[in-house]
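Step one of this worksheet: look at the structure below.
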Amino acid sequence: MIIEPKVREYICTTAHPAGCGESVRRQAEAAAAMGEVSGPKNILVIGCSTGYGLASRISALVNLKAATLGIMFERPASGKRTATAGWYNTAAFEKMAQDRGIYAKSINGDAFSREIKEKTIEMIRRDLGAADMVVYSLAAPRRTDENGVTWSSCLKTTGEPCTEKSLDLRSGQIVEKTIMPATEEEIQGTVKVMGGEDWCGWIDALKEAGVLAPGAVTVAYSYIGPKLTYPIYYHGTIGAAKQHLHSCAKLLNEKYPGLRAYISVNKGLVTQASAAIPIVPLYFSILYRIMKEEGTHEGCIQQISRLFTRKLFPEGGRPLADENGFIRMDDLEMRPEVQEKVLKAWAAVNTGNIAEYCDVEGYWEDFYHMFGFRYDNVDYSADVNPDVPVPSLISQD
Ligand code: NAD
661 MIIEPKVREY ICTTAHPAGC GESVRRQAEA AAAMGEVSGP KNILVIGCST
711 GYGLASRISA LVNLKAATLG IMFERPASGK RTATAGWYNT AAFEKMAQDR
761 GIYAKSINGD AFSREIKEKT IEMIRRDLGA ADMVVYSLAA PRRTDENGVT
811 WSSCLKTTGE PCTEKSLDLR SGQIVEKTIM PATEEEIQGT VKVMGGEDWC
861 GWIDALKEAG VLAPGAVTVA YSYIGPKLTY PIYYHGTIGA AKQHLHSCAK
911 LLNEKYPGLR AYISVNKGLV TQASAAIPIV PLYFSILYRI MKEEGTHEGC
961 IQQISRLFTR KLFPEGGRPL ADENGFIRMD DLEMRPEVQE KVLKAWAAVN
1011 TGNIAEYCDV EGYWEDFYHM FGFRYDNVDY SADVNPDVPV PSLISQD
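Sequence positions in the sequence shown follow this note's numbering and run 661 to 1057.
Structure, rendered in structure tokens:
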């Protein structure tokens, strides 16, 4: 069939298999430019199919030559419905690993569940013996915990309502948006879903089963951002969850001497998860413009291959973490010169001058690329079979 993008609000409901393959190929090429380093060899990536998790898996393959076991929550094609982008990305990734003779298997199911943790343990034990690195890169709207309670995350402020400029991506207008504060229950729900409880649950389960190698490394991804976005991000419900995640790194380091748990504070980027956050797209599109102008813009793969090759496993050195165990991959985004320019642009931008201050085109390019569309070397008029298998796939049921 001919597959076209179908965009609804901040999501695209179709994905293109050849385009997703191209996205994985380009990311591998970008990672290769950072060279190879020695580091972990058996890596578990929880949330491996899109965004920062996919970039981690690609960097693990290309920069570390590591075997990867990936956990994801994706949907295969059925009838006229295409598979999700994460499904096609994973199919392309596995093929690439296979071509290079490096182990890559994937489990599709709910990472929050006991069942998927057990399946993962079984596979690590059988195929790898032990994992020497665990990347935690989940972004999910809800979680059913091991007691059967379902929690939902939300993107709201806390304390006072927050009114700010926002970019209406559909109409291309600058509007004002008011975000109402979350209730205590909503904050708690977001912390349960996006905080560190499940990260700790994974490490506990792997440790208990004896499938985490001595001296293993684990890293979870976070975002802090500038004061400008604090009301919606860092001081919002998601920020509360991230602060909980940060405290879990400390907890894990205390609980398991020998394990090294890190928080990588990454750059703000368009991904399926971040496209849903109000106000943030305007910040991103201003930031993209400024960082592209000064030649410092990075995408997920540039961020993660820099993290792996220069910060976590620098040749001959120790991980470059601060005293809190944070690795600041947002170093370029947070430079005072960049943030001063962001503030000036933020104050000046209106519907009439968007093009002057925002990289809206760059935002949409990243958005379409996430679903495998708008690559200049992919023939979108070609008839493609949407039914693409993920060779190794193990599913929840
Ligand atoms: P994403 O939506 O691109 O990826 C989420 C991944 O989680 C996918 O692989 C998806 O399949 C998987 N997933 C979701 N629910 C699952 C479930 N129940 N079971 C198994 N897998 C599941 O998101 P992203 O933006 O790459 O976010 C990953 C992490 O990086 C998050 O912790 C996020 O907060 C953090 N981060 C994101 C940004 C940003 O700007 N995008 C910046 C810094 C940090």
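The C-beta atom is built at its ideal place from N, Cα and C for all residues, glycine as well.
DSSP-derived helix/strand/coil call for A675: What you label residue 675 is simply residue 15 of the sequence shown in a count that begins at 1. In this structure, A675 counts as coil in the three-state DSSP scheme.
Same chain, Cβ closer than 6 Å to T838, five either side skipped, listed in chain order: Walking along the sequence shown from the start, residue 838 turns up at place 178. Here the set comprises P821, T823.
Under 8 Å between C-beta atoms of V1020 and G832: Position 360 of the sequence shown, counted from the first residue, corresponds to residue 1020. Position 172 of the sequence shown, counted from the first residue, corresponds to residue 832. Yes. Within cutoff.
Assumed close pair H904, V851 - CB separation to whole angstroms, cut-off 8 Å: Within the sequence shown, residue 904 is the residue found at index 244, counting from 1. Within the sequence shown, residue 851 is the residue found at index 191, counting from 1. Rounded, the Cβ-Cβ distance is 5 Å, consistent with contact.
Own chain residues within Cβ distance below 7 Å of V835, not counting five before or after: As a position in the sequence shown, residue 835 is number 175, starting the count at 1. The residues are S826, D828.
Three-state class that DSSP yields for T810 in the structure shown: Residue mapping note: residue 810 aligns to position 150 of the sequence shown, counting from 1. Residue state, collapsed to three classes: strand.
N- and C-terminal bounds of the alpha helix (DSSP H) containing D858: In the sequence shown, residue 858 corresponds to position 198, counting from 1. Counting along the chain, the alpha helix (DSSP H) containing D858 begins and ends at 857-868.
With 16 other Cβ atoms within 10 Å as the buried cut-off, status of G976: Stepping through the sequence shown from its first residue, residue 976 is reached at position 316. Exposed, because fewer than 16 other Cβ atoms sit within 10 Å of the Cβ of G976.
Beta carbon of V877 nearer than 8 Å to that of L972: Translated into the one-based positions of the sequence shown, residue 877 becomes position 217. Translated into the one-based positions of the sequence shown, residue 972 becomes position 312. A contact, by the Cβ cut-off of 8 Å.
Boundaries of the beta strand (DSSP E) in which V877 is found, first to last residue: As a first step, residue 877 must be located in the sequence shown, where it is residue number 217. That run of the beta strand (DSSP E) goes 872-882.
Bridge-paired residues (DSSP) for V705: Translated into positions along the sequence shown, residue 705 becomes position 45. Note: V705 sits in a beta bridge opposite G730, V795.
Burial state of P874 (16 or more Cβ within 10 Å): Against the sequence shown, residue 874 aligns to sequence position 214. So P874 ends up on the exposed side.
Beta bridge counterpart(s) of C960 as assigned by DSSP: Here residue 960 refers to the residue found at position 300 when the sequence shown is read from its first residue. DSSP lists no partner for C960.
Per-residue DSSP class, three states only, for I950: Position 290 of the sequence shown holds residue 950. DSSP places I950 in helix when its eight states are reduced to three.
When A909, V1009, A901, Y894 are compared against S945, the one with the closest alpha-carbon: Along the sequence shown, one-based indexing puts residue 945 at 285. Nearest of A909, V1009, A901, Y894 to S945, Cα basis: V1009.
Q962 CB to nearest heavy atom of the ligand NAD below 7 Å: Within the sequence shown, residue 962 is the residue found at index 302, counting from 1. No, Cβ of Q962 sits at least 7 Å from all heavy atoms of the ligand NAD.
With 16 other Cβ atoms within 10 Å as the buried cut-off, status of V705: Translated into the one-based positions of the sequence shown, residue 705 becomes position 45. By the 10 Å Cβ count, V705 comes out buried.
Pair within 8 Å by beta-carbon distance, L866 and A791: Position 206 of the sequence shown, counted from the start, is the residue given in the question as residue 866. Position 131 of the sequence shown, counted from the start, is the residue given in the question as residue 791. Contact: yes.
As assigned by DSSP and simplified to three states, the class of Y763: Residue mapping note: residue 763 aligns to position 103 of the sequence shown, counting from 1. In the structure shown, Y763 sits in coil (DSSP, three-state: anything other than H, G, I, E or B).
Inter-residue Cα distance where the pair is C708 and A715: Position 48 of the sequence shown, counting from 1, holds the residue named residue 708. Position 55 of the sequence shown, counting from 1, holds the residue named residue 715. One C-alpha to the other measures close to 8 Å.
Coarse secondary structure for R648, derived from DSSP in three states: Because the chain in this structure spans residues 661 to 1057, residue 648 falls outside the shown range and cannot be described.
I731 beta carbon near the ligand NAD (any heavy atom closer than 7 Å): Translated into the one-based positions of the sequence shown, residue 731 becomes position 71. Answer for I731: yes, Cβ within range of the ligand NAD.
Proximity test, L888 beta-carbon vs the ligand NAD heavy atom, cut-off 7 Å: Start at 1 with the first residue of the sequence shown, and residue 888 comes out as number 228. Not so, every heavy atom of the ligand NAD lies at least 7 Å from the Cβ.
Span of the beta strand (DSSP E), counted from its first residue to its last, around R920: As a working mapping, residue 920 is identified with position 260 in the sequence shown. Its beta strand (DSSP E) spans residues 920-925.
Beta-carbon spacing of S1052, A752 below 8 Å: Start at 1 with the first residue of the sequence shown, and residue 1052 comes out as number 392. Start at 1 with the first residue of the sequence shown, and residue 752 comes out as number 92. Their beta carbons are not under 8 Å apart, which means S1052 does not touch A752 by this criterion.
Per DSSP, cross-strand counterpart(s) of K902: The sequence position of residue 902 within the sequence shown is 242, counting from 1. For K902, which the question treats as bridged, DSSP gives no partner whatsoever.
Given 8 Å, three or more beta-carbon pairs between the segment 959-969 and the segment 686-698: yes
Reduced DSSP secondary structure (H/G/I, E/B, other) of I987: On the sequence shown, residue 987 is found 327 positions in, with the first residue counted as 1. Looking at I987 - three-state DSSP - the assignment turns out to be strand.
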